[in-house]
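The following block contains the structure:
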């Protein structure tokens, strides 16, 4: 009996802590929704994150070697698709497909 009680108590405490931790960000952000700063960041952050990811991915790229062509071609396709369709999902999927295809076939060593 005591083991069952402790097990049930542990499960209930774990469930309560999990629920609180999942609800906390929504409760904290409720007061910030009307903030001008949050509105500004919500429009600028996606582009900023993408720039940081591009710089991070290309920082050690050996531009003098032929294997650098796969990521550069993928970047060009991603930019072209995004300028053409303005669809982030299409751009990311297209660029990823080009990179994987080139890196695993043409530029595979």
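Residue numbers (this note's numbering): -13 to 95.
Each residue gets a CB set at the ideal place from its N, CA and C atoms; glycine is no exception.
Quantities reported herein were computed from a predicted structural model and do not represent experimental measurements.
- Under the three-state reduction of DSSP, residue -13 is assigned to coil, being neither helix nor strand.
- For residue 89, the closest C-alpha among the options 59, -11 and 68 is that of 59.
- Assigned with DSSP and collapsed to three states, residue 30 falls in helix.
- The criterion of a C-beta distance shorter than 7 Å is not satisfied by residue 52 and residue 64.
- DSSP places residue 44 within a helical segment (H, G or I) once states are collapsed to three.
- Beyond the five residues adjoining it in sequence on each side, residue 43 comes within less than 8 Å, by CB distance, of 57 in the same chain, given in chain order.
- Counting along the chain, the unbroken alpha helix (DSSP H) around residue 64 starts and ends at 55 to 71.
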